[in-house]
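J.: Sharing a structure here in C-alpha cells format.
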Amino acid sequence: MLTGQLQFLANTFTNTQTLIIEASSLSIEELFNIFSNKFPFLENIELQHKEFVDEFSPKFYTINSLNLHLVNEYHTVLKKLALFKLKIDDAVVSKLLVSSINLETLYVDECVNMNGLFLKDVGNKVNTIYWNRNVHGVDRPLEAKLSLAEKGGNLVDFTYIGNSINDDLPVQLLIAEEMHSLKYLTVAVNELSNFHLWSLENLCELTIMAQAVKSTLKVEHECTAVKKVRAMFPKILEYQFELFIKNFPSLESFHFETMETHFSDGIIAALQTFTGNLKTLKLTDHNCSRAKYCRSGLLPDISDTDVDKNQFEMMFGDNKLLKLIEKLNFVLEVDIALFGGNDDDFVKCIFRRLHTFANRQSDRKFVLRFPKTTWYKEDEDIRSNFSVFITE
C-alpha cells in the first residue's frame with residue numbers, strides 16, 4: 001500500500017526539485033528505486049532522523065542510512081544534500097560524497113559518530129559546508145588532522161558549530177591551512193586557539209562565538225572586504241577587543257554579544273575609528289549590571305518627567321553605554337539588548353535616554369530590548385525611530 005502511494009506521488013509531482021524524507025519503513029534502496037527517473041529536476045535531498053511509533057503498529061521507523069551512497073545511483077544531478085541527526089559515521093558519508101560529482105552544498109547537522117574524515121572526500125564543486133557537531137551527550141572526538149584534500153580553496157561559505165565537550169583545534173587549523181577563499185565564515189567553539197593564523201582577506205561576513213579566547217585576535221593582514229561581523233565572547237579584555245575590531249577597517253555592521261565584559265573608554269575609542277563606515281551597531285549583554293557601565297554605580301531619580309540635564313550628567317554622565325551611543329553619532333541604527341541583570345532602574349535610565357536621543361536625532365533608529373518589567377507600559381510615548389521589544 002505504501003509503495004503504491006509513493007509511486008502515485010512520484011508520477012504526479014514530476015517537477016519536484018526538493019525531496020525531504022524524515023522516516024520510512026522502506027529501505028533507502030526501495031525508496032529511491034520508486035523515485036528513480038521520476039524527478040528529472042530534483043537537485044536537493046534532505047534526510048532526517050525521526051523515530052516514531054506507527055499508528056497501527058508498535059514498530060519504530062527511521063531512515064536506514066547504511067546504504068546512503070545509493071542516493072546518487074538514482075540522482076546524479078544532486079546539488080544540495082542535507083543530513084539531519086542521522087546515526088552515521090564518516091565512511092558512510094564519504095562513500096556518498098565520492099559519487100556526488102555535482103554536489104555544491106553539504107549540510108551535516110547533529111549526526112553522531114563523525115570525526116571529520118568525510119571532509120577529504122567532498123567534491124570539486126562543493127562551495128558551501130555546514131557542519132553542526134553540537135549534539136547532546138559525548139560526541140566522537142575529532143580526527144587529529146583534518147584535510148579537504150586540496151579542495152579548501154573552492155569553499156566560499158563554511159559554518160562549524162562545535163561541541164563544547166571536545167577540542168575543536170583540528171577544525172581551526174583546517175580553516176587556517178586550507179580555507180583561503182572564504183567569503184562567509186561562522187565558527188562556534190569552546191576555545192578560540194589560533195584566530196591569528198586565519199586568512200580572511202576575501203571574507204565579507206564573519207560570525208564567531210567562543211567561550212574562551214586563547215589566541216591573539218589580530219590577523220596578519222587586514223580584512224578590508226569584511227562588512228559585517230557578529231562576535232560573541234562572554235568575556236573579552238579591552239586590548240583583545242581593540243585588536244579584534246581593528247582587523248575590519250571597512251566594517252558597516254557590528255553585533256557584539258557578551259556576559260562579563262566591562263565597557264571602557266578604550267572600547268569606545270576603538271569603535272569610533274569607524275567614522276563614516278559603521279552604520280549598524282548591535283550590543284547584547286546577557287548579564288547586564290550598572291557596575292559594568294558606570295564607575296559610580298549611581299542613578300538619578302527617575303520620574304515621569306524628564307530628568308534634569310545637570311542632575312543626569314552629574315550622577316550618570318560616566319555611563320559607558322550611553323557615552324558609546326552618543327560618541328557614535330554616525331551610526332544610523334543602534335540596537336541594545338539588556339538581559340539577566342534584574343536592574344530595572346538601570347534599564348529605565350537607558351530607556352529614557354534613548355527616548356531623548358530619538359527625539360533629537362530623527363535620522364537615527366534606536367531599538368531597546370529587555371525582560372518584562374512592571375515600569376514599562378505599552379502605551380509609552382514611543383517615536384517612529386525608537387522601538388522597544390519585551391522578552392518573557
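Mapping of the sequence shown onto UniProt numbering: position 118 corresponds to residue 118, and the numbering continues sequentially without gaps. Glycine is no exception: its CB is placed at the ideal position from the N, C-alpha and C atoms.
1. Taking all protein chains shown into account, decide if Q172 is buried (16 or more other Cβ within 10 angstroms of its Cβ) or exposed.
2. Please say whether T186 and T224 have beta carbons closer to each other than 8 Å?
3. Going by beta carbon distance, what residues of the same chain come within less than 6 Å of N342, once the five residues before and after it are set aside?
4. Using the Cα positions of K214 and V331, report the straight-line distance between them to the nearest angstrom.
5. Skipping 5 residues on each side, what residues in its chain have a beta carbon closer than 7 Å to that of Q240?
6. Once you ignore the five residues that flank K279 on each side, which residues in its own chain have a CB closer than 7 Å to its CB?
7. Mark W198 as exposed unless 16 or more other C-beta atoms lie within 10 angstroms of its C-beta, in which case mark it buried.
8. Excluding five sequence neighbours on each side, which residues of the same chain lie with their C-beta closer than 6 Å to the C-beta of F346?
9. So what does Y184 bridge to, in DSSP terms?
10. Return the chain-ordered list of same chain residues with a C-beta closer than 7 Å to the C-beta of G297, the five sequence neighbours on each side being excluded.
11. Tell me the DSSP bridge mates of D109?
12. Assuming V219 contacts N247 (C-beta within less than 8 Å), just tell me the rounded distance between them.
13. Which residues bound the beta strand (DSSP E) around L368?
14. If distances are taken between C-alpha atoms only, which option among K80, H49, S100 comes closest to K87?
15. State yes or no: is the beta carbon of F330 nearer than 8 Å to at least one beta carbon in chain C?
16. How about L81 and L117: do their beta carbons lie closer than 8 Å?
17. Out of curiosity, what's the CA-to-CA distance linking T258 and L9?
18. Here's a check: name, in chain order, each residue in its chain whose Cβ is nearer than 6 Å to the Cβ of M209, leaving out the five neighbours to either side.
19. Taking all protein chains shown into account, do 16 or more other C-beta atoms lie within 10 angstroms of the C-beta of G153, making it buried, or fewer, making it exposed?
20. Just to confirm, is the Cβ distance from F41 to N15 under 8 Å?
21. Using the C-alpha atoms, what's the distance from K348 back to S303?
22. Buried or exposed: where does G162 fall if 16 or more other Cβ atoms within 10 Å of its Cβ makes it buried?
23. Below 8 Å between beta carbons: does that hold for I45 and L26?
24. Use the C-beta contact count for S100: other C-beta atoms within 10 angstroms, 16 or more gives buried, fewer gives exposed.
25. In its own chain, which residues sit with a C-beta less than 6 Å from the C-beta of L192, not counting the 5 before and 5 after it?
26. Helix or strand or just coil, what does DSSP make of Q7?
27. Thinking C-alpha only, which one of Y376, R383, S384 is nearest T391?
28. Kindly indicate which three-state DSSP category K348 falls into: helix, strand or coil?
29. Decide if E260 is buried, meaning its Cβ has at least 16 other Cβ atoms within 10 Å, or exposed.
30. Taking its Cβ as the centre, do 16 or more other Cβ atoms sit within 10 Å of F386, making it buried, or is it exposed?
31. What is the DSSP secondary structure of D121, reduced to helix, strand or coil?
32. Does the Cβ-Cβ distance between V122 and I129 come in under 8 Å?
33. Buried or exposed: N11, going by 16 or more other Cβ atoms within 10 Å of its Cβ?
34. Within 10 angstroms of its Cβ, does D168 collect 16 or more other Cβ (buried), or is it exposed?
35. On a CA-only basis, which of V112, K120, F84 is nearest E95? Give me that one, please.
36. With DSSP collapsed to three states, give me the class of D90.
T.: Reading off the structure:
1. Here residue 172 corresponds to residue number 172 of the sequence shown, with the count starting at 1. Sixteen is the threshold: when 16 or more other Cβ atoms of the shown chains lie within 10 Å of the Cβ of Q172, as they do, the residue is buried.
2. Numbered from its first residue, the sequence shown carries residue 224 at position 224. Numbered from its first residue, the sequence shown carries residue 186 at position 186. Not in contact: T224 and T186 (Cβ atoms no closer than 8 Å).
3. Sequence index remark: in the sequence shown, residue 342 carries index 342 (1-based). Nothing meets the Cβ criterion.
4. For the purposes of this step, residue 214 is identified with residue 214 of the sequence shown, where counting begins at 1. For the purposes of this step, residue 331 is identified with residue 331 of the sequence shown, where counting begins at 1. C-alpha of K214 to C-alpha of V331: approximately 31 Å in a straight line.
5. Here residue 240 corresponds to residue number 240 of the sequence shown, with the count starting at 1. Excluding residues within five positions, the ones whose Cβ falls inside 7 Å are V213, L217.
6. The sequence position of residue 279 within the sequence shown is 279, counting from 1. Once the five neighbours on either side are set aside, the close Cβ partners of K279 are E252, S253, V331, L332, E333.
7. Taking the sequence shown and counting its residues from 1, one reaches residue 198 at position 198. Buried is the call here.
8. Sequence index remark: in the sequence shown, residue 346 carries index 346 (1-based). Excluding sequence neighbours, F346 sits near R290.
9. As a first step, residue 184 must be located in the sequence shown, where it is residue number 184. Residue pairing for Y184: DSSP places it in a beta bridge opposite D157, E205.
10. The count along the sequence shown starts at 1 and reaches residue 297 at position 297. Because the pLDDT at G297 is just 48, under 50, the model does not fix this residue reliably, and the value given afterwards should be weighed accordingly. Counting only Cβ-Cβ distances below 7 Å, and skipping sequence neighbours, we find R290, A291.
11. Here residue 109 is taken as the residue at index 109 of the sequence shown, counted from 1. In DSSP, D109 forms a bridge with F84, N132.
12. Taking the first residue of the sequence shown as 1, we reach residue 219 at position 219. Taking the first residue of the sequence shown as 1, we reach residue 247 at position 247. Indeed they touch by this definition, with Cβ atoms about 5 Å apart.
13. What you label residue 368 is simply residue 368 of the sequence shown in a count that begins at 1. Taken as a continuous stretch (DSSP letters only), the beta strand (DSSP E) holding L368 covers 365-371.
14. Working through the sequence shown from its first residue, we reach residue 87 at position 87. Of the candidates K80, H49, S100, the one whose C-alpha sits nearest the C-alpha of K87 is H49.
15. Going by chain labels, chain C is absent from the structure shown, which holds only one protein chain.
16. If you number the sequence shown from 1, residue 81 lands on position 81. If you number the sequence shown from 1, residue 117 lands on position 117. It is not a contact, given that the beta carbons lie outside the stated cut-off.
17. Counting from 1 along the sequence shown, the entry for residue 258 is found at position 258. Counting from 1 along the sequence shown, the entry for residue 9 is found at position 9. Each residue's alpha carbon lies about 50 Å from the other.
18. As a working note, residue 209 is residue 209 in the sequence shown. The answer, listed in chain order, is A188, M232.
19. Here residue 153 is taken as the residue at index 153 of the sequence shown, counted from 1. Its Cβ having fewer than 16 others within 10 Å, G153 is exposed.
20. The residue labelled residue 41 in the question sits at position 41 within the sequence shown. The residue labelled residue 15 in the question sits at position 15 within the sequence shown. Yes, Cβ-Cβ distance for F41 and N15 is below 8 Å.
21. Within the sequence shown, the letter at position 303 stands for residue 303. Within the sequence shown, the letter at position 348 stands for residue 348. In this predicted model, S303 has a pLDDT of only 47, less than 50, meaning its place in the structure is not dependable enough to derive any value.
22. Translated into the one-based positions of the sequence shown, residue 162 becomes position 162. Answer is buried; the Cβ neighbour count reaches 16.
23. For the purposes of this step, residue 45 is taken as residue 45 along the sequence shown, with counting starting at 1. For the purposes of this step, residue 26 is taken as residue 26 along the sequence shown, with counting starting at 1. Between I45 and L26, the gap from beta carbon to beta carbon reaches 8 Å or more.
24. Here residue 100 refers to the residue found at position 100 of the sequence shown. With a threshold of 16 other beta carbon atoms within 10 Å, S100 meets it and is buried.
25. In the sequence shown, residue 192 corresponds to position 192, counting from 1. Cβ neighbours of L192 within its own chain (closer than 6 Å, five residues either side excluded): A210, V213, S215.
26. As a working mapping, residue 7 is identified with position 7 in the sequence shown. Three-state result, Q7: helix.
27. Within the sequence shown, residue 391 is the residue found at index 391, counting from 1. Shortest Cα-Cα distance from T391 to any of Y376, R383, S384 involves Y376.
28. Taking the sequence shown and counting its residues from 1, one reaches residue 348 at position 348. In the structure shown, K348 falls within a helical segment according to DSSP collapsed to helix, strand and coil.
29. Indexing the sequence shown from 1 puts residue 260 at position 260. Taking a 10 Å sphere around the C-beta of E260, we find fewer than 16 other C-beta atoms and assign the residue as exposed.
30. Residue numbering aside, residue 386 sits at position 386 when the sequence shown is read from its first letter. By the 10 Å Cβ count, F386 comes out buried.
31. Here residue 121 refers to the residue found at position 121 of the sequence shown. Of the three classes helix, strand and coil, the one that applies to D121 here is helix, per DSSP.
32. Locating residue 122 in the sequence shown gives position 122, where the first residue counts as 1. Locating residue 129 in the sequence shown gives position 129, where the first residue counts as 1. Cβ distance < 8 Å, so V122 and I129 count as in contact.
33. On the sequence shown, position 11 is the one that residue 11 refers to. The residue is exposed, with fewer than 16 neighbouring Cβ atoms inside 10 Å.
34. Numbered from its first residue, the sequence shown carries residue 168 at position 168. It is buried - the Cβ of D168 has at least 16 other Cβ atoms within 10 Å.
35. Working through the sequence shown from its first residue, we reach residue 95 at position 95. Correcting the residue identity first, residue 95 is Lys in this sequence and not Glu. Closest option to K95, Cα to Cα, is K120.
36. Position 90 of the sequence shown holds residue 90. DSSP places D90 in the helix class (H, G or I) of the three-state scheme.
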